[in-house]
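Just below is one structure, and these are the notes that go with it.
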Amino acid sequence: MEQNKDLNQPDIPLAKRIHFNNSNSILKKKLLILSPFLFLLFSFLALRLIRKIEIVALDNLNFQDQINHDHRILGHLPYAEIPKEKLVLIEPNIEVHNDMRDSLLKMRDEAKKDGIYLVFLSGYRSINLQNEIFYSLKSFRNQEAAERARVSAPPGYSEHSTGFAIDIGDATQRETDFEIEFENTNAFKWLIKNAAKFHFKLSFTKNNKYIDYEPWHWRYEGSIEALKVFESSNRKF
Ligand SMILES: [Zn+2]
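The opening position of the sequence shown corresponds to residue 641 in this note's numbering, with each subsequent residue numbered one higher.
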């Protein structure tokens, strides 16, 4: 009977017992114990990574927002008109902000001591006058707004309306007034070397991508009010 049973039954292989080697088993046990901590650690790192990506994305968004919303028009920033009581006449037809009067006159005097004769061409300009300058010449020269804006600010967007801007020429080379050639005069070379001592800065350098280079146009940054006015312009993105 016993023999028959053996013969009829299929051959069942003996179960194989697999022995883990000892070190593997310890490692797996350790991993099992550590797994909740590892899970927490990975979650924490993943959350930090996500947060970092979000911050970078937000920064990019703010950066873009600043570029799009600094209220420029054709590359020019808006400037309010200076209140009349802050204007002072420094010579016939040239008015400037009271804050910069002394510095400007001192700069001219110091230049004179070095044999350089600065001449003031244009100071404060009202928004109405700027309107005239922008649109009349635009029409006369048959220019489009963007083309005109390369050489003149639209009304409400000129540094001259603040009283802190001054156009300067060389009294010995008047043919270079408002011309790029002014940069070859001794007056310009002196200004480049010395203007910062009197808190003046060239507004439209060769690096400006919207507005043409104006070597004659300087602005005053020697008072808190002036710095506030030019804060947006000085901000680097
Ligand atoms: Zn100017």
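From the three backbone atoms N, C-alpha and C, an ideal C-beta is built for every residue, glycine too.
Burial state of residue i (16 or more Cβ within 10 Å)
i	result
valine 869	buried
tyrosine 797	buried
aspartate 852	exposed
glutamate 731	exposed
arginine 875	exposed
serine 612	Nothing about residue 612 can be read from this structure; the chain reaches only from 641 to 877.
tyrosine 850	exposed
histidine 737	buried
leucine 671	exposed
glutamate 871	exposed
threonine 816	buried
Distance cut-off 7 Å: residue i Cβ against heavy atoms of ligand 1
i	result
histidine 800	yes
glutamate 854	yes
aspartate 749	no
serine 873	no
aspartate 817	no
aspartate 807	yes
histidine 716	no
serine 766	no
histidine 839	no
histidine 857	yes
serine 683	no
serine 762	yes
Boundaries (first-last residue) of the beta strand (DSSP E) holding residue i
i	result
serine 762	758 to 762
tyrosine 860	857 to 860
alanine 786	Premise fails: alanine 786 lies in the alpha helix (DSSP H), 785 to 789, not in any beta strand (DSSP E).
alanine 805	805 to 810
lysine 841	840 to 842
Alpha helix (DSSP H) segment containing residue i, residue limits
i	result
leucine 717	First-last for leucine 717: undefined, no H or E at that position.
isoleucine 851	Note, isoleucine 851: premise wrong, no alpha helix (DSSP H); not H, not E.
lysine 829	826 to 834
alanine 866	864 to 869
glutamate 772	767 to 780
Option in the options with minimal Cα separation from residue i
i	options	result
tryptophan 856	Ile734, Ser683, Ala835 and Phe818	Phe818
isoleucine 864	Glu725, Asp739, Leu687 and Pro676	Asp739
leucine 744	Asn826, Lys669 and Tyr860	Tyr860
isoleucine 713	Glu823, Glu787 and Lys833	Glu787
asparagine 847	Ala805, Arg790, Asp749 and Asp710	Arg790
isoleucine 806	Leu842, Asn826, Ile767 and Lys669	Leu842
Contact test: residue i Cβ vs ligand 2 heavy atom, cutoff 7 Å
i	result
histidine 737	Absence of ligand 2 from the depicted structure is noted, with ligand 1 being the only ligands included.
Meets three-Cβ-pair contact criterion under 8 Å: the stretch 747 to 755 and the stretch 809 to 818 = no
Decide if the stretch 759 to 777 is in contact with the stretch 785 to 805; the criterion is three or more beta carbon pairs, one per stretch, under 8 Å apart.
-> yes
Between the stretch 710 to 721 and the stretch 798 to 808, are three or more C-beta pairs nearer than 8 Å?
-> yes
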